[in-house]
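Visitor:
Number of protein chains: 2
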Amino acid sequence: MDINDVNCLKEIADNIRSAVKPLFGTFESKKVLGRGFGGDRTLLIDEVAENSIIRFLKENSISCIFIGEEHGVQKIGEKLTFYLIADAVDGTTNATRGISFVSASLAVSPTNDLGNVEAALVMNLCSGETFEARKDAGAKFQDKEIKTSETLYLKDAVLGVDVSRAPNSVELAAPLIKKARCIRSFGSASLEICHVASGFFDAYVDLRGVLRPLDIAAALLIVKEAEGTVTQPTGAGFNGYLLTEMNRFSVIAAANKTLHREIFSVLR
Amino acid sequence: MDINDVNCLKEIADNIRSAVKPLFGTFESKKVLGRGFGGDRTLLIDEVAENSIIRFLKENSISCIFIGEEHGVQKIGEKLTFYLIADAVDGTTNATRGISFVSASLAVSPTNDLGNVEAALVMNLCSGETFEARKDAGAKFQDKEIKTSETLYLKDAVLGVDVSRAPNSVELAAPLIKKARCIRSFGSASLEICHVASGFFDAYVDLRGVLRPLDIAAALLIVKEAEGTVTQPTGAGFNGYLLTEMNRFSVIAAANKTLHREIFSVLR
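The listed protein sequences correspond, in order, to chains R and V. Here the first sequence is numbered in our numbering, starting from 417 and rising by one per residue. Here the second sequence is numbered in our numbering, starting from 417 and rising by one per residue.
Structure, rendered in structure tokens:
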């Protein structure tokens, strides 16, 4: 099995889903086990999910440098030609509450560079629905090709925003929130960025400066392959950042350049 | 079949679900057919859903005064001892986009009073999951009894908020948004109020003054029967408002009196 193959990522995600589904909404799921590499508290559900990835890699003799939220960077096997970066449970609060919007995010890169991801998959762990992309080969939702929406203006846009746990970002985002047609906030950044890829949302904005490479690596490729425009609030892209370093990002993802430009102009 | 029986409401909701599922995320679903009784544009998906209710009532010889978003008040059959108030598709924007958070809201009352609802059901039309309640007999999610969460403070609370299409409500809600632990905004008020009933959310606040009896009639009973506290921002309840009149409400629903009190104090 080839880790750089989206079908392999799908099998890993299916495994995560089987491991965590019985824990959704349970008291047990939120047992605190410590603090992970990603800086957040490690809950039982996070640990179970990440362990299911490591077990799958070992059982299938798949070599890679694995970067996970809980255990950090691990060399698995001998042939270390790929990096696999994962947030095994993106939307842990939703998962422990029983709110049906939780994802697994898996991205593979031949180099230690956030901008060099070649294969990506984000699975909704509640429904099993899957977004995927291969570099230069387009993006898919449920095996069908996807493209971002044609919405050009904020006044017509369904805008995903996350301002949780970041009081300052409420002021920053307020002008956008007031201009957009509808606001959504689902609590799983990777899945919400993929919602831009499929045209469910027209844009997604997170100005909190908290997203890590493991949260966004997969979704960035998916939205770019679906012809979306995604940058940091500085206008910079995501090339040149190490997958193995816990940098923190803000993200502005939009269906197209016109909408992306309006978001920038409103934020200034 | 008795319209005042939750099982009958379940059959109606199953029918709506069968009728609208093929339309989710389709171009056809958002064809504009006119403007409905509820004041919003009537889209094809709304019309199909409401027609499925009326057809079910007629086919099963169920008499009631039916209040729907699109066609308004209709007398169906001869024995007009109950009011059935319905939002057949709550979350139309989500439905037309293909976003998996859409509900049907059904409430039955023996009198024309929003405060007198005796049977209520809210179904997630994507998953089929169902919230229900009977007056003085508790609330259920998926046939299991539910109670609101024990979260007492905003700092620990998952707070549902909707500020879409209402710039003023962003300023109103901002102090709450800053204090809460997490913000969610899913775009279907009836289903989000039910999320308070089941403890998925700790509170739901909509200060836009746009919710109509048909949006909230079912969810109000469900959250009250789950021991939640729900009022308007004035502190007033919902008794004495006619089901057949399109009044517009703001809603503050909280898991318990303590959290409800903190929300009030932050808003003042």
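Just so it is clear, CB atoms sit at the ideal spot from N, CA and C, and this is done for glycine as well.
Using a Cβ cut-off of 8 Å, pull out every chain V residue sitting near lysine 560 of chain R, in sequence order please.
Guide: Taking the first residue of the first sequence as position 1, residue 560 of chain R is located at position 144. Result: empty, since nearest Cβ-Cβ is about 11 Å, beyond 8 Å.
Visitor: For the alpha helix (DSSP H) holding lysine 640 of chain R, just list the boundary residues, first then last.
Guide: Within the first sequence, numbered from 1, the residue matching residue 640 of chain R stands at position 224. Run containing lysine 640 of chain R: 629-641, per the alpha helix (DSSP H) assignment.
Visitor: If you draw a straight line from the alpha carbon of isoleucine 419 of chain V to that of arginine 600 of chain V, how long is it in whole angstroms?
Guide: The residue labelled residue 419 of chain V in the question sits at position 3 within the second sequence. The residue labelled residue 600 of chain V in the question sits at position 184 within the second sequence. Computed Cα separation, rounded: 34 Å.
Visitor: Note down, in chain order, every chain V residue with its Cβ under 7 Å from the Cβ of lysine 594 of chain R.
Guide: Here residue 594 of chain R refers to the residue found at position 178 when the first sequence is read from its first residue. By Cβ distance, chain V contributes Pro583, Val586.
Visitor: Rounded to a whole number of angstroms, what is the C-alpha to C-alpha distance between arginine 664 of chain R and proline 629 of chain R?
Guide: If you number the first sequence from 1, residue 664 of chain R lands on position 248. If you number the first sequence from 1, residue 629 of chain R lands on position 213. Straight-line Cα distance between these residues: approximately 8 Å.
Visitor: Once DSSP output is grouped into helix, strand and coil, what is the label at aspartate 680 of chain R?
Guide: Along the first sequence, read from residue 1 onward, the residue named residue 680 of chain R stands at position 264. Sequence inspection shows phenylalanine at residue 680 of chain R; the aspartate mentioned does not correspond to that position. Helix, per DSSP.
Visitor: Return yes when the Cβ of arginine 597 of chain R is within less than 8 Å of the Cβ of valine 577 of chain R, no when it is not.
Guide: Numbered from 1 along the first sequence, position 161 holds the residue referred to as residue 577 of chain R. Numbered from 1 along the first sequence, position 181 holds the residue referred to as residue 597 of chain R. No.
Visitor: Strictly below 7 Å CB to CB, what residues from chain R border arginine 513 of chain V?
Guide: As a first step, residue 513 of chain V must be located in the second sequence, where it is residue number 97. Per Cβ cutoff of 7 Å: Val574, Phe616.
Visitor: Of the choices R:Val639, R:Lys426, R:Leu522, R:Leu459, whose alpha-carbon is the least far from that of lysine 563 of chain R?
Guide: For the purposes of this step, residue 563 of chain R is taken as residue 147 along the first sequence, with counting starting at 1. When each option's Cα is compared against that of lysine 563 of chain R, the closest is R:Val639.
Visitor: Using 8 Å as the threshold, is the C-beta distance between alanine 671 of chain R and glycine 644 of chain R below it?
Guide: Working through the first sequence from its first residue, we reach residue 671 of chain R at position 255. Working through the first sequence from its first residue, we reach residue 644 of chain R at position 228. Yes, the Cβ-Cβ distance between alanine 671 of chain R and glycine 644 of chain R is below 8 Å.
Visitor: Quick one, which of V:Lys571, V:Gly651, V:Ile481, V:Gly656 has its alpha-carbon nearest glutamate 494 of chain V's?
Guide: Against the second sequence, residue 494 of chain V aligns to sequence position 78. Of the listed residues, the one whose Cα sits closest to glutamate 494 of chain V is V:Ile481.
Visitor: So, using beta-carbon positions, are alanine 590 of chain V and valine 586 of chain R closer together than 8 Å?
Guide: Locating residue 590 of chain V in the second sequence gives position 174, where the first residue counts as 1. Locating residue 586 of chain R in the first sequence gives position 170, where the first residue counts as 1. In contact: alanine 590 of chain V and valine 586 of chain R (Cβ atoms closer than 8 Å).
Visitor: Among V:Gly615, V:Ile515, V:Ile668, which one has its Cα closest to the Cα of leucine 627 of chain V?
Guide: Here residue 627 of chain V refers to the residue found at position 211 of the second sequence. Among V:Gly615, V:Ile515, V:Ile668, the Cα nearest to that of leucine 627 of chain V is on V:Ile668.
Visitor: Please classify aspartate 622 of chain V as buried or exposed, where buried requires at least 16 other C-beta atoms within 10 Å of its C-beta.
Guide: As a first step, residue 622 of chain V must be located in the second sequence, where it is residue number 206. Answer is buried; the Cβ neighbour count reaches 16.
Visitor: Flag threonine 660 of chain V as yes if its beta-carbon sits less than 8 Å from any beta-carbon of chain R, otherwise no.
Guide: The count along the second sequence starts at 1 and reaches residue 660 of chain V at position 244. No, its Cβ sits nowhere closer than 8 Å to a Cβ of chain R.
Visitor: Over what stretch of residues does the alpha helix (DSSP H) that includes valine 422 of chain V continue unbroken?
Guide: On the second sequence, position 6 is the one that residue 422 of chain V refers to. From DSSP, the alpha helix (DSSP H) with valine 422 of chain V extends over 422-436.
Visitor: With a Cβ-Cβ cutoff of 8 Å, do serine 444 of chain V and leucine 460 of chain V count as a contact?
Guide: In the second sequence, the residue the question calls residue 444 of chain V occupies position 28. In the second sequence, the residue the question calls residue 460 of chain V occupies position 44. According to the sequence displayed, residue 444 of chain V carries glutamate and not serine. Going by C-beta atoms, glutamate 444 of chain V is nearer than 8 Å to leucine 460 of chain V.
Visitor: Of all Cβ atoms in chain R, is any one closer than 8 Å to the Cβ of isoleucine 599 of chain V?
Guide: By one-based count along the second sequence, residue 599 of chain V stands at place 183. Yes, isoleucine 599 of chain V counts as interfacial toward chain R.
Visitor: Consider the Cβ of serine 543 of chain R: report whether some Cβ of chain V lies at a distance smaller than 8 Å.
Guide: What you label residue 543 of chain R is simply residue 127 of the first sequence in a count that begins at 1. Closer than 8 Å to some Cβ of chain V, the Cβ of serine 543 of chain R qualifies, so yes.
Visitor: Taking Cβ positions only, does serine 604 of chain V come closer than 8 Å to chain R?
Guide: Here residue 604 of chain V refers to the residue found at position 188 when the second sequence is read from its first residue. Not closer than 8 Å to any Cβ of chain R, the Cβ of serine 604 of chain V fails to qualify, so no.
Visitor: Grouping DSSP H, G and I as helix and E and B as strand, with all else coil, what is glycine 531 of chain V?
Guide: For the purposes of this step, residue 531 of chain V is identified with residue 115 of the second sequence, where counting begins at 1. Helix, per DSSP.
Visitor: Does any residue of chain R have a CB that is nearer than 8 Å to the CB of alanine 590 of chain V?
Guide: Walking along the second sequence from the start, residue 590 of chain V turns up at place 174. Taking Cβ atoms only, chain R reaches closer than 8 Å to alanine 590 of chain V, which makes this a yes.
Visitor: Indicate whether glutamate 641 of chain V and alanine 555 of chain V have their beta-carbon atoms separated by less than 8 Å.
Guide: Residue mapping note: residue 641 of chain V aligns to position 225 of the second sequence, counting from 1. Residue mapping note: residue 555 of chain V aligns to position 139 of the second sequence, counting from 1. Yes. Within cutoff.
Visitor: Expressed to the nearest angstrom, what Euclidean distance is found between the alpha-carbon atoms of leucine 530 of chain V and asparagine 510 of chain V?
Guide: The residue labelled residue 530 of chain V in the question sits at position 114 within the second sequence. The residue labelled residue 510 of chain V in the question sits at position 94 within the second sequence. So the alpha carbons of these two residues sit roughly 26 Å apart.
Visitor: For threonine 497 of chain V, go through chain R and note every residue whose CB falls closer than 9 Å to its CB, in chain order.
Guide: Taking the first residue of the second sequence as position 1, residue 497 of chain V is located at position 81. Near threonine 497 of chain V there are no residues of chain R at all, since even the closest Cβ is about 37 Å away, more than 9 Å.
Visitor: Who are the near neighbours of glycine 496 of chain R in its chain, counting only those whose CB is closer than 8 Å to its CB and skipping five residues on each side?
Guide: For the purposes of this step, residue 496 of chain R is taken as the residue at position 80 of the first sequence. In the sequence under discussion, the amino acid at residue 496 of chain R is leucine, which differs from the glycine named in the question. The answer, listed in chain order, is Ser479, Cys480, Ile481.
Visitor: As an exercise, report each continuous alpha helix (DSSP H) stretch of at least 4 residues that is fully enclosed by the region 533-559 of chain V, in chain order.
Guide: Here no run is fully enclosed.
Visitor: Straight-line CA distance for lysine 437 of chain V to glutamate 661 of chain V?
Guide: In the second sequence, residue 437 of chain V corresponds to position 21, counting from 1. In the second sequence, residue 661 of chain V corresponds to position 245, counting from 1. Distance between the alpha carbons of lysine 437 of chain V and glutamate 661 of chain V is about 30 Å.
Visitor: Can you find a CB in chain V that lies within less than 8 Å of the CB of serine 525 of chain R?
Guide: As a working mapping, residue 525 of chain R is identified with position 109 in the first sequence. Answer no: the Cβ-Cβ gap between serine 525 of chain R and chain V never drops below 8 Å.
Visitor: Quick check: is the beta carbon of valine 505 of chain V nearer than 8 Å to any beta carbon in chain R?
Guide: Working through the second sequence from its first residue, we reach residue 505 of chain V at position 89. Judged by the 8 Å Cβ criterion, valine 505 of chain V is not in contact with chain R.
Visitor: So with CB distances below 7 Å, who are the chain V contacts of threonine 509 of chain R?
Guide: The residue labelled residue 509 of chain R in the question sits at position 93 within the first sequence. Under the 7 Å cutoff, chain V gives Val574, Cys598.
Visitor: Anything in chain V within Cβ reach of serine 580 of chain R, meaning under 8 Å, just list it in chain order.
Guide: Residue mapping note: residue 580 of chain R aligns to position 164 of the first sequence, counting from 1. Near serine 580 of chain R (Cβ distances below 8 Å), the residues of chain V are Ala596, Arg597, Cys598, Ile599.
Visitor: Which runs of the beta strand (DSSP E), 3 residues or longer, sit entirely within the region 469-517 of chain V?
Guide: DSSP runs (the beta strand (DSSP E)) wholly in the region 469-517 of chain V: 480-484, 488-492, 499-506.
Visitor: Does chain R have any CB closer than 8 Å to the CB of serine 516 of chain V?
Guide: Within the second sequence, residue 516 of chain V is the residue found at index 100, counting from 1. Answer yes: the Cβ-Cβ gap between serine 516 of chain V and chain R drops below 8 Å somewhere.
Visitor: In the DSSP output, what is tyrosine 620 of chain V paired with across the bridge?
Guide: Against the second sequence, residue 620 of chain V aligns to sequence position 204. Bridge partners of tyrosine 620 of chain V: V:Gly576, V:Ala669.
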